[in-house]
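A short worksheet on the structure shown next.
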Amino acid sequence: MLILFSLLVIGAAVLGLPQVKGRIGEGWVKYFLSKLDPERYFILHDILLPGQNGKTTQVDHIVVSPYGIFVIETKNYKGWIFGSEKSKKWTQQIYKNKQQFQNPIHQNYGHIEAIKHILGEQVKLPYVSIIAFNTKADLKKINITSPDTHVTYDTRIKKTIESYGDKRNSIPYAKAVHDRLKSAAIAGKGAVKSHVTQIKSDRKQVKLKVHNNVCPKCDGNLLERRGKHGRFKGCSNYPKCRYTA
Numbered sequence: 001m002l003i004l005f006s007l008l009v010i011g012a013a014v015l016g017l018p019q020v021k022g023r024i025g026e027g028w029v030k031y032f033l034s035k036l037d038p039e040r041y042f043i044l045h046d047i048l049l050p051g052q053n054g055k056t057t058q059v060d061h062i063v064v065s066p067y068g069i070f071v072i073e074t075k076n077y078k079g080w081i082f083g084s085e086k087s088k089k090w091t092q093q094i095y096k097n098k099q100q101f102q103n104p105i106h107q108n109y110g111h112i113e114a115i116k117h118i119l120g121e122q123v124k125l126p127y128v129s130i131i132a133f134n135t136k137a138d139l140k141k142i143n144i145t146s147p148d149t150h151v152t153y154d155t156r157i158k159k160t161i162e163s164y165g166d167k168r169n170s171i172p173y174a175k176a177v178h179d180r181l182k183s184a185a186i187a188g189k190g191a192v193k194s195h196v197t198q199i200k201s202d203r204k205q206v207k208l209k210v211h212n213n214v215c216p217k218c219d220g221n222l223l224e225r226r227g228k229h230g231r232f233k234g235c236s237n238y239p240k241c242r243y244t245a
């Protein structure tokens with residue numbers, strides 16, 4: 001009985017890890033995407049792509065079709081979710097506890113830019129950004145203005161993709177775009193480890209620059225400012241640069 005209890009405790013702890021929760025969320029999205037017509041929708045899962053300046057970008061899911069390139073970021077959160085397209089941070093609220101996390105739309109924008117870097121600007125398919133939350137989350141107040149940006153539940157992801165019915169190119173063209181992305185992918189455990197190291201290094205660089213009052217976005221000066229929610233640091237190049245810390 002003691003061994004069983006210990007295994008349950010360990011299992012609960014493992015399932016609570018962010019990496020494991022993320023994999024579970026991606027697994028559900030993968031399942032729902034598998035319901036798409038494979039003759040028209042060509043899918044890539046958990047793909048590591050080369051980005052600009054020698055960096056790499058890991059994308060949860062890419063769906064290439066004659067109707068567009070759907071770039072999907074999964075979020076395995078629970079509780080109330082608040083956010084807007086232009087805000088730097090979003091908020092997760094569970095009862096009275098609030099936590100902030102990076103705006104997933106901004107995160108997915110970086111993924112789309114990496115894909116554009118590989119395919120070039122001449123690709124004749126529109127890009128659609130989809131943020132997919134699991135159903136444990138309650139999307140309380142999400143403000144989106146861009147027509148090709150969607151924040152939805154994983155259970156509705158197939159419906160969201162299929163709502164794009166305007167054929168923008170041929171099926172062979174879409175398959176060729178898929179194959180090009182697949183061939184550009186970086187494989188191997190070493191590449192993934194290097195990607196994780198890069199992310200940690202980038203975060204350290206951001207913290208160091210903010211500590212030294214340097215804007216991580218444009219290298220301008222960070223100045224102390226006062227807003228309705230208290231003091232914060234804002235870039236001296238505002239409004240061209242809207243970075244805050």
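Everything in the sequence shown is counted per the UniProt record's numbering, starting at 1 for the first residue and increasing by one.
Don't be surprised by glycine CBs; every beta carbon is placed ideally from N, CA and C.
- Counting of Cβ neighbours within 10 angstroms places residue 223 among the exposed residues, the total staying below 16.
- When C-alpha distances from residue 66 are compared across 185, 80, 43, 206, the shortest belongs to 43.
- By alpha-carbon distance to residue 96, the top candidate from 87, 81, 104, 86 is 81.
- As computed with DSSP, residue 231 is found in a beta bridge with 226.
- By the C-beta criterion, the stretch 49 to 58 is judged not to be in contact with the stretch 85 to 94, since fewer than 3 inter-stretch pairs fall below 8 Å.
- With a threshold of 16 other beta carbon atoms within 10 Å, residue 60 meets it and is buried.
- Remark: C-beta atoms of residue 105 and residue 71 do not approach each other more closely than 8 Å.
- For residue 132, the uninterrupted beta strand (DSSP E) run begins and ends at 127 to 133, by DSSP.
- Counting along the chain, residue 160 sits inside the alpha helix (DSSP H) bounded by residues 157 to 162.
- When 161, 220, 235, 186 are compared, the shortest CA-CA separation from residue 40 is found for 161.
- Counting only runs that start and end inside the UniProt domain "NERD" (21 to 138), the beta strand (DSSP E) elements of at least 3 residues fall at 42 to 50, 56 to 65, 68 to 75, 79 to 84, 89 to 94, 97 to 102, 127 to 133.
- Under a 10 Å Cβ-count criterion, residue 145 is classified as exposed, with fewer than 16 other Cβ atoms of the shown protein chains found around its own Cβ.
- By the beta-carbon neighbour count (other beta carbons within 10 angstroms, threshold 16), residue 108 is buried.
- Straight-line measurement puts the Cα of residue 26 at about 12 Å from the Cα of residue 77.
- For the pair residue 148 and residue 133, the CB atoms are not nearer than the 8 Å cut-off.
- DSSP places residue 177 in the uninterrupted alpha helix (DSSP H) bounded by 171 to 184.
- Counting every other CB atom within 10 Å of its CB across the protein chains shown gives residue 207 a total below 16, marking it as exposed.
- Within the DSSP secondary-structure output, residue 167 pairs in no beta bridge.
- Comparing alpha carbon positions, the residue from 173, 159, 185, 135 closest to residue 74 is 135.
- Leaving aside the five residues that flank residue 210 on each side, the residues in its chain whose CB is nearer than 6 Å to its CB run, in chain order, 245.
- Annotated three-state conformation of residue 209 is helix, per DSSP.
- Here the C-alpha atom of residue 143 lies approximately 16 Å from the C-alpha atom of residue 101.
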